[in-house]
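**Q** Encoded as structure tokens, here's the structure I'll be asking about.
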Amino acid sequence: MPRRRAAYTPGMDLLRNVVVYAHLLGFAVMVGAWIAEAAARRFLITPVMTWGMTLSLVTGLALAAPWPAGIVLNYPKIGTKLVILVALGAVLGIGTARQRRAGGQPVMPLFVAAGVLPLLASAIAVMWN
3 MPRRRAAYTP GMDLLRNVVV YAHLLGFAVM VGAWIAEAAA RRFLITPVMT
53 WGMTLSLVTG LALAAPWPAG IVLNYPKIGT KLVILVALGA VLGIGTARQR
103 RAGGQPVMPL FVAAGVLPLL ASAIAVMWN
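Following my numbering, the numbering of the sequence shown begins with 3 at its first residue and continues without gaps.
Rendered as structure tokens:
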């Protein structure tokens, strides 16, 4: 959680917490869909993974804005997570296209990357202070 300089208003605090919760839901959808595919031994990149990535992107960008005034953000951390999320979007897009071209056959290296990248982003979120 970012350090706070100015006093939060209760409404702004609630709104920010709702956006953080939605950001966590996006991560859960991404990783949950990936685990479900791995457990079923299908190893396919699914649209649900893309929806989770999109939710994480939108809410992450909202959280990267300095609101309310006076909040101190860690921009190198935010930039690193954004690069990982863009790479994840590329992996999901390329993987989906290759699967479609291959008649629904999994592309294992991209499937593995689609699971490792969100886990890496979450590790950075937790461990980088």
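By construction, the Cβ of each residue, glycine as well, lies at the ideal position given by its N, Cα and C atoms.
#1: Quick check: what's the CA-CA separation for T48 versus A30?
#2: Quick one, are the C-beta atoms of I86 and A35 less than 9 Å apart?
#3: Touch check for the stretch 97-113 and the stretch 67-81: three-plus C-beta pairs under 8 Å?
#4: Locate the alpha helix (DSSP H) running through R18, then write down its first and last residues.
#5: Exposed or buried, which one is T52 when buried takes at least 16 other CB atoms within 10 Å?
#6: Do L75 and H2 count as a contact pair if the criterion is CB distance below 9 Å?
#7: Please give the ranges of any alpha helix (DSSP H) in the stretch 100-129, keeping only runs that are unbroken, at least 4 residues long and fully inside the region.
#8: Please report the distance separating the alpha-carbon of E39 from that of V33.
#9: In the stretch 45-90, which residue ranges form an unbroken beta strand (DSSP E) of at least 3 residues, counting only runs that do not cross its ends?
#10: Applying the 10 Å Cβ sphere with the 16-neighbour rule, what's the burial state of T1?
**A** Result, derived from the coordinates:
#1: Distance between T48 and A30, taken at the CA atoms: about 14 Å.
#2: In this structure, A35 does not lie closer than 9 Å to I86 by Cβ.
#3: In short, these stretches do not touch, since the Cβ pair count stays below three.
#4: First-last of the alpha helix (DSSP H) with R18: 12-41.
#5: So T52 counts as buried.
#6: In the structure as shown, the chain starts at 3 and stops at 131, and residue 2 therefore has no counterpart that could be examined.
#7: For the stretch 100-129, the continuous alpha helix (DSSP H) assignments of 4+ residues that do not extend past its boundaries occur at 110-129, in sequence order.
#8: Their backbone Cα atoms lie some 10 Å apart in a straight line.
#9: List check, beta strand (DSSP E) in window: nothing returned.
#10: Residue 1 cannot be examined here, being either before or after the span of the chain that is shown, 3 to 131.
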